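*Asks:* The structure is given below, and queries will be raised subsequently.
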Amino acid sequence: MAAAKDQERAGRAQAGPDVIEEIRRSVRALCANFPGAYWRERDRARAYPTEFVKALTDAGFLAILVPEEFGGSGLGVAAAVAVLEEIHRNGGNGAACHAQMYIMGTILRHGSAAQKRRWLPGIASGALRLQAFAVTEPESGTDTLGLRTTAVRDGDRYLINGQKVWTSRAEHSDLMLLLARTTPREEAATRTEGLSVFLVDMREAVGRGLTVRPIRTMLNHATTELFFDDLSVPAEALIGEEGKGFRYILDGMNAERILIAAECIGDARWFVDRATEYARERVVFDRPIGQNQGIQFPLARAYAATEAADLMVARAAAMFDAGEPCGKEANMAKLLASEASWQAADMCIQTHGGYGFAEEYDVERKFRETRLYQVAPVSTNLILAYLAEHVLGLPRSY
Amino acid sequence: MKILVFVKRVPATTARIRVADGLRMDPEGVEFVLNPYDEFAVEEALRRKEAAGGDATVTAITLGPPEAQKELRTVLAMGADEAILLTHSDAAFLDAEATAQVLAEQAEQRGPWDLVFFGKQAVDRDQHGVGPSVATRLGMPCLSEIVELEIADGKATARREVEGASETLEAPLPCAFTCQKGLNEPRYASLKGIMAAKRKPLETVQVDLPPAKVEVVELAPPPPRPPGRIVGEGAAAVPELVRALREEAKVL
Numbered sequence: 001m002a003a004a005k006d007q008e009r010a011g012r013a014q015a016g017p018d019v020i021e022e023i024r025r026s027v028r029a030l031c032a033n034f035p036g037a038y039w040r041e042r043d044r045a046r047a048y049p050t051e052f053v054k055a056l057t058d059a060g061f062l063a064i065l066v067p068e069e070f071g072g073s074g075l076g077v078a079a080a081v082a083v084l085e086e087i088h089r090n091g092g093n094g095a096a097c098h099a100q101m102y103i104m105g106t107i108l109r110h111g112s113a114a115q116k117r118r119w120l121p122g123i124a125s126g127a128l129r130l131q132a133f134a135v136t137e138p139e140s141g142t143d144t145l146g147l148r149t150t151a152v153r154d155g156d157r158y159l160i161n162g163q164k165v166w167t168s169r170a171e172h173s174d175l176m177l178l179l180a181r182t183t184p185r186e187e188a189a190t191r192t193e194g195l196s197v198f199l200v201d202m203r204e205a206v207g208r209g210l211t212v213r214p215i216r217t218m219l220n221h222a223t224t225e226l227f228f229d230d231l232s233v234p235a236e237a238l239i240g241e242e243g244k245g246f247r248y249i250l251d252g253m254n255a256e257r258i259l260i261a262a263e264c265i266g267d268a269r270w271f272v273d274r275a276t277e278y279a280r281e282r283v284v285f286d287r288p289i290g291q292n293q294g295i296q297f298p299l300a301r302a303y304a305a306t307e308a309a310d311l312m313v314a315r316a317a318a319m320f321d322a323g324e325p326c327g328k329e330a331n332m333a334k335l336l337a338s339e340a341s342w343q344a345a346d347m348c349i350q351t352h353g354g355y356g357f358a359e360e361y362d363v364e365r366k367f368r369e370t371r372l373y374q375v376a377p378v379s380t381n382l383i384l385a386y387l388a389e390h391v392l393g394l395p396r397s398y
Numbered sequence: 399m400k401i402l403v404f405v406k407r408v409p410a411t412t413a414r415i416r417v418a419d420g421l422r423m424d425p426e427g428v429e430f431v432l433n434p435y436d437e438f439a440v441e442e443a444l445r446r447k448e449a450a451g452g453d454a455t456v457t458a459i460t461l462g463p464p465e466a467q468k469e470l471r472t473v474l475a476m477g478a479d480e481a482i483l484l485t486h487s488d489a490a491f492l493d494a495e496a497t498a499q500v501l502a503e504q505a506e507q508r509g510p511w512d513l514v515f516f517g518k519q520a521v522d523r524d525q526h527g528v529g530p531s532v533a534t535r536l537g538m539p540c541l542s543e544i545v546e547l548e549i550a551d552g553k554a555t556a557r558r559e560v561e562g563a564s565e566t567l568e569a570p571l572p573c574a575f576t577c578q579k580g581l582n583e584p585r586y587a588s589l590k591g592i593m594a595a596k597r598k599p600l601e602t603v604q605v606d607l608p609p610a611k612v613e614v615v616e617l618a619p620p621p622p623r624p625p626g627r628i629v630g631e632g633a634a635a636v637p638e639l640v641r642a643l644r645e646e647a648k649v650l
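From first to last, the protein sequence lines stand for chains A and B.
In terms of the working numbering, the first sequence opens at residue 1 and continues consecutively.
In terms of the working numbering, the second sequence opens at residue 399 and continues consecutively.
This is the structure:
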């Protein structure tokens, strides 16, 4: 695993503060072409922001973590943090495509040389969208090891049967990472073995053993449920060794945590900016409402919580990029940032009063969107359980 | 084809401007950006380079503080090939003529140029003077505030909006242009552009400033807006409101 991590870092260009600032500027300029009206219209129709995703792809931002030898920019997570934070800070939502940045990490770390050569250049250019990751099942959410979807070796192929739920962007992906059981739980050598990771070519699978059904939710998030009915995939779809899938998945979690946390920081800053502006301009009883401490204090608290969480995000990203173990920091970053963004969202809607509920202010949309982050991609409770057990050494609670 | 684009670092249009000592803007806490009209100039320069192909180059030049490196990096990230920062120790006000003199001298030394682009004005001082003045010093025709440009057969054809009409002008190359909003949609830097910009040449040159012919004698914030006036309540207020709108505000 250490070798795989070294390989992920190999050739990674260091992004100095000037490059990070330039990235922020450019993402801001890109987002200016997608104002609130664009997101409102997409939200109302529950439609995928195809144009926005294309613009980000064309500008190369989704290939930021792909090494240069495969056509990406080979920058670290700290640079990706800047991209996603800016998107959210400018009123957009990166959830439609952020997974294109990091799901490829599993291929990069654990795939064979042939798999990397075959898939990564297309992922870097955006010709191949790899932004779906099928893990969660109706009968096993957080309890990943309890998943029941099976992949059974059949000559030079695997036959896949089972069901997944909350698989985001499956309808907008050419490739999908799938976690399935290849060894029955009771036959596995250890508790965590027996799961395997497959790279499923959606262009061949849909309609030939794979059915995708969208799930309508309270926010515009292209999520789906998947049904596998004797889906046949070639043996070379297996990533890494059979049975080691759970470890491979855990390897990719830290990057995901940190990047989601960055989106929360962007949301929180957007809420603080909007609330501050509104508090300064809205006049009630002959003075701006921002003159009232009842408005000021929640705003100041949300600001302080955001800045504190941002320090943890920056630290986790720096540790990740330095190749240091950062499970603790990545999880705390996501915990603190998602709580800060929710605190800021609640404050922002209260500051706006009735207007906070009006669609044209965008506050209610962002409010709905940012609530997700305390639930997905990992629930706050599981982070707390992790910290209690693995950091504080308390007995396992689940 | 050698293309030169002149740019300036200016306060963001959203920045809250404070006056320092009755003469200068207080830069403390102000965000600076590439002058928005210069973005049109840069975009047009890049499009001309891309259309020409081959060994066409775009050079960006600015006169400003050392911090203006940042704006030049942005221009390099957008796709310019090299950048020149003319800087000086003296933070004094420079009028358009003095600025144009320094810029034109440097441009002359590094020329000749086929196409020269400016923003139509810098949004900080709104002098509108540097473009035409540099063009004159370089001995080039200057088509100002253009919103459309065509270059073919050694000549430039440009359209500009004038009061109540649209004017089309033609001039031989080499030619200078000052760019107006509407000319194009400026690009943002791609990630590859940002990474490539780090390896592009950015030359810094210390320059001496000629004496300014224009002196700022006072810089004052605009007077605060007078408070609104309540003309009455309900339907009874309508006649007075209509009268005030018609006779005082003259908007009816």
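Using N, Cα and C, we set each Cβ at its ideal position, and we do this for glycine too.
From a predicted model like this one, the values you see are computed outputs, not experimental measurements.
Suppose only complete runs of 4+ residues qualify. What are the alpha helix (DSSP H) ranges in the region 225 to 297 of chain A, listed by chain order?
*Replies:* 245 to 281
*Asks:* Compare the Cα-Cα distances from arginine 339 (chain A) to each of A:Cys326, A:Thr50, A:Gln374, A:Gly207 and report the closest residue.
*Replies:* Residue mapping note: residue 339 (chain A) aligns to position 339 of the first sequence, counting from 1. In the sequence under discussion, the amino acid at residue 339 (chain A) is glutamate, which differs from the arginine named in the question. Ranking A:Cys326, A:Thr50, A:Gln374, A:Gly207 by Cα distance to glutamate 339 (chain A) puts A:Gln374 first.
*Asks:* Would you kindly report the start and end of the unbroken alpha helix (DSSP H) that includes glutamate 495 (chain B)?
*Replies:* Here residue 495 (chain B) corresponds to residue number 97 of the second sequence, with the count starting at 1. Unbroken alpha helix (DSSP H) run through glutamate 495 (chain B): 494 to 508.
*Asks:* So phenylalanine 61 (chain A) contacts chain B; which residues on that side make the cut at Cβ distance below 7 angstroms?
*Replies:* The sequence position of residue 61 (chain A) within the first sequence is 61, counting from 1. By Cβ distance, chain B contributes Leu589.
*Asks:* Would you mind working out which of B:Cys573, B:Leu432, B:Leu474, B:Val560 sits nearest isoleucine 549 (chain B), comparing C-alpha positions?
*Replies:* In the second sequence, the residue the question calls residue 549 (chain B) occupies position 151. That would be B:Cys573, whose Cα lies nearest to the Cα of isoleucine 549 (chain B).
*Asks:* Is it right to say glutamine 100 (chain A) is buried, meaning 16 or more other beta carbons lie within 10 angstroms of its own, or is it exposed?
*Replies:* Position 100 of the first sequence holds residue 100 (chain A). Of the residues assessed, glutamine 100 (chain A) falls on the buried side of the cut-off, its CB having 16 or more other CB atoms within 10 angstroms.
*Asks:* Please compile the residues from chain B whose C-beta is within a distance smaller than 8 angstroms of the C-beta of serine 73 (chain A).
*Replies:* Along the first sequence, one-based indexing puts residue 73 (chain A) at 73. The answer, in chain order, is Leu589, Lys590, Met593.
*Asks:* Return yes when the Cβ of alanine 180 (chain A) is within less than 8 angstroms of the Cβ of isoleucine 258 (chain A), no when it is not.
*Replies:* Here residue 258 (chain A) is taken as the residue at index 258 of the first sequence, counted from 1. Here residue 180 (chain A) is taken as the residue at index 180 of the first sequence, counted from 1. No, these two residues do not count as a Cβ contact at 8 angstroms.
*Asks:* On the CB-based measure, 16 or more other CB atoms within 10 Å of its CB, does methionine 218 (chain A) come out buried or exposed?
*Replies:* Position 218 of the first sequence, counted from the start, is the residue given in the question as residue 218 (chain A). Flag for methionine 218 (chain A) reads exposed.
*Asks:* So, is aspartate 606 (chain B) buried or exposed, given that buried needs 16 or more other C-beta atoms within 10 angstroms?
*Replies:* Mapped onto the second sequence, residue 606 (chain B) falls at position 208. Exposed, by the Cβ-count rule.
*Asks:* Within the same chain, show all residues whose beta-carbon is closer than 6 angstroms to that of valine 528 (chain B), passing over the 5 residues directly before and after it, in chain order.
*Replies:* Taking the second sequence and counting its residues from 1, the one referred to as residue 528 (chain B) is at position 130. Counting only Cβ-Cβ distances below 6 angstroms, and skipping sequence neighbours, we find Ala494, Thr497, Ala498.
*Asks:* Are the C-beta atoms of threonine 472 (chain B) and some chain A residue less than 8 angstroms apart?
*Replies:* Numbered from its first residue, the second sequence carries residue 472 (chain B) at position 74. Closer than 8 angstroms to some Cβ of chain A, the Cβ of threonine 472 (chain B) qualifies, so yes.
*Asks:* Could you check whether the Cβ of lysine 518 (chain B) sits closer than 8 angstroms to any Cβ belonging to chain A?
*Replies:* Within the second sequence, the letter at position 120 stands for residue 518 (chain B). For lysine 518 (chain B), the answer is no, since every Cβ of chain A falls outside 8 angstroms of its Cβ.
*Asks:* I want to check one thing, is the minimum distance from the CB of aspartate 273 (chain A) to the heavy atoms of the ligand MN below 7 angstroms?
*Replies:* With respect to the ligand MN, the structure shown offers nothing to examine, as it has no ligands at all.
*Asks:* Could you spell out the range, first to last residue, of the alpha helix (DSSP H) harbouring tryptophan 511 (chain B)?
*Replies:* For the purposes of this step, residue 511 (chain B) is identified with residue 113 of the second sequence, where counting begins at 1. Segment: none, tryptophan 511 (chain B) is in no alpha helix (DSSP H) and carries neither H nor E.
*Asks:* Three-state secondary structure (DSSP) at leucine 75 (chain A)?
*Replies:* Sequence index remark: in the first sequence, residue 75 (chain A) carries index 75 (1-based). Coil at leucine 75 (chain A), not helix or strand.
*Asks:* Please list, in chain order, all residues of the same chain as valine 363 (chain A) whose beta carbon is under 7 angstroms from its beta carbon, the five residues on each side excluded.
*Replies:* The residue you call residue 363 (chain A) lines up with position 363 of the first sequence. Around valine 363 (chain A): Arg274, Cys348, Ile349, His352, Gly356.
*Asks:* Can a CB atom of chain B be found closer than 8 angstroms to the CB of isoleucine 23 (chain A)?
*Replies:* Locating residue 23 (chain A) in the first sequence gives position 23, counting from the first residue. At least one chain B Cβ lies under 8 angstroms of isoleucine 23 (chain A).
*Asks:* My output table needs one value for aspartate 362 (chain A): the three-state DSSP class, helix, strand or coil.
*Replies:* Locating residue 362 (chain A) in the first sequence gives position 362, where the first residue counts as 1. In this structure, aspartate 362 (chain A) counts as coil in the three-state DSSP scheme.
*Asks:* Could you tell me which residues DSSP pairs with alanine 458 (chain B) in its beta bridges?
*Replies:* Locating residue 458 (chain B) in the second sequence gives position 60, where the first residue counts as 1. B:Val403, B:Ala481.
*Asks:* Cβ of alanine 475 (chain B) less than 8 angstroms from any chain A Cβ?
*Replies:* For this step, residue 475 (chain B) is matched to residue 77 along the second sequence. Yes, contact with chain A.
*Asks:* Report the rounded CA-to-CA distance for glycine 562 (chain B) versus arginine 535 (chain B), giving the unit in angstroms.
*Replies:* On the second sequence, residue 562 (chain B) is found 164 positions in, with the first residue counted as 1. On the second sequence, residue 535 (chain B) is found 137 positions in, with the first residue counted as 1. When rounded, the distance between both Cα atoms is 31 angstroms.
*Asks:* Using CA coordinates, which residue listed in B:Ala413, B:Leu474, B:Leu547 is at the minimum distance from tyrosine 586 (chain B)?
*Replies:* Numbered from 1 along the second sequence, position 188 holds the residue referred to as residue 586 (chain B). Each of B:Ala413, B:Leu474, B:Leu547 was checked against the Cα of tyrosine 586 (chain B), and the nearest Cα belongs to B:Leu474.
*Asks:* Ignore the nearest five residues each way along the sequence and tell me which others in leucine 178 (chain A)'s own chain have a CB closer than 6 angstroms to its CB.
*Replies:* Numbered from 1 along the first sequence, position 178 holds the residue referred to as residue 178 (chain A). Ala134, Phe198, Val200.
*Asks:* Take the Cβ of arginine 109 (chain A) as the centre, count every other Cβ of all protein chains shown within 10 Å, and call the residue buried at 16 or more, exposed below.
*Replies:* Reading the first sequence from its first residue, position 109 is the one you call residue 109 (chain A). Looking at its Cβ environment, which holds 16 or more other Cβ atoms inside 10 Å, arginine 109 (chain A) is buried.
*Asks:* What does DSSP give as the partner residues of isoleucine 215 (chain A) in its beta bridges?
*Replies:* Walking along the first sequence from the start, residue 215 (chain A) turns up at place 215. Note: isoleucine 215 (chain A) sits in a beta bridge opposite A:Thr223.
*Asks:* Given a threshold of 16 other Cβ atoms within 10 Å of its Cβ, counted over all protein chains shown, does glutamine 131 (chain A) qualify as buried or as exposed?
*Replies:* Position 131 of the first sequence, counted from the start, is the residue given in the question as residue 131 (chain A). Label assigned to glutamine 131 (chain A): buried.
*Asks:* With burial defined as no fewer than 16 other Cβ atoms inside 10 Å of the residue's Cβ, what is the status of histidine 390 (chain A): buried or exposed?
*Replies:* Here residue 390 (chain A) corresponds to residue number 390 of the first sequence, with the count starting at 1. It is exposed - the Cβ of histidine 390 (chain A) has fewer than 16 other Cβ atoms within 10 Å.
*Asks:* Count the other CB atoms, across all protein chains shown, that sit within 10 Å of the CB of tyrosine 399 (chain A); report buried if there are 16 or more and exposed otherwise.
*Replies:* Nothing about residue 399 (chain A) can be read from this structure; chain A reaches only from 1 to 398.
*Asks:* Nearest CA to the CA of arginine 208 (chain A): which residue from A:Glu187, A:Pro214, A:Gly245, A:Leu231?
*Replies:* The residue labelled residue 208 (chain A) in the question sits at position 208 within the first sequence. It is A:Leu231.
*Asks:* Measuring only the C-alpha atoms, how far is threonine 144 (chain A) from alanine 29 (chain A)?
*Replies:* As a working note, residue 144 (chain A) is residue 144 in the first sequence. As a working note, residue 29 (chain A) is residue 29 in the first sequence. So the alpha carbons of these two residues sit roughly 40 angstroms apart.
*Asks:* Which bits of chain B does aspartate 321 (chain A) rub up against, with CB to CB less than 7 angstroms?
*Replies:* Within the first sequence, the letter at position 321 stands for residue 321 (chain A). The premise fails here: aspartate 321 (chain A) is roughly 16 angstroms from chain B at the closest Cβ pair, so nothing lies under 7 angstroms.
*Asks:* Going by DSSP, what residue range makes up the alpha helix (DSSP H) through tyrosine 386 (chain A)?
*Replies:* Residue 386 (chain A) sits at position 386 when you count from the first residue of the first sequence. Here the alpha helix (DSSP H) through tyrosine 386 (chain A) covers 380 to 386.
*Asks:* If I measure Cβ to Cβ from threonine 455 (chain B) and keep anything under 8 angstroms in the same chain, skipping five residues before and after, which residues do I get?
*Replies:* What you label residue 455 (chain B) is simply residue 57 of the second sequence in a count that begins at 1. Hits under 8 angstroms: Met399, Lys400, Ile401, Lys447, Asp479, Glu480.
*Asks:* By the DSSP assignment, the alpha helix (DSSP H) with valine 423 (chain B) in it spans what residues?
*Replies:* Residue mapping note: residue 423 (chain B) aligns to position 25 of the second sequence, counting from 1. Residue identity check: residue 423 (chain B) is methionine in the sequence provided, not valine. Per DSSP, methionine 423 (chain B) belongs to no alpha helix (DSSP H) and is neither H nor E.
*Asks:* Give the range of the alpha helix (DSSP H) segment to which isoleucine 123 (chain A) is assigned.
*Replies:* Along the first sequence, read from residue 1 onward, the residue named residue 123 (chain A) stands at position 123. First-last of the alpha helix (DSSP H) with isoleucine 123 (chain A): 113 to 125.
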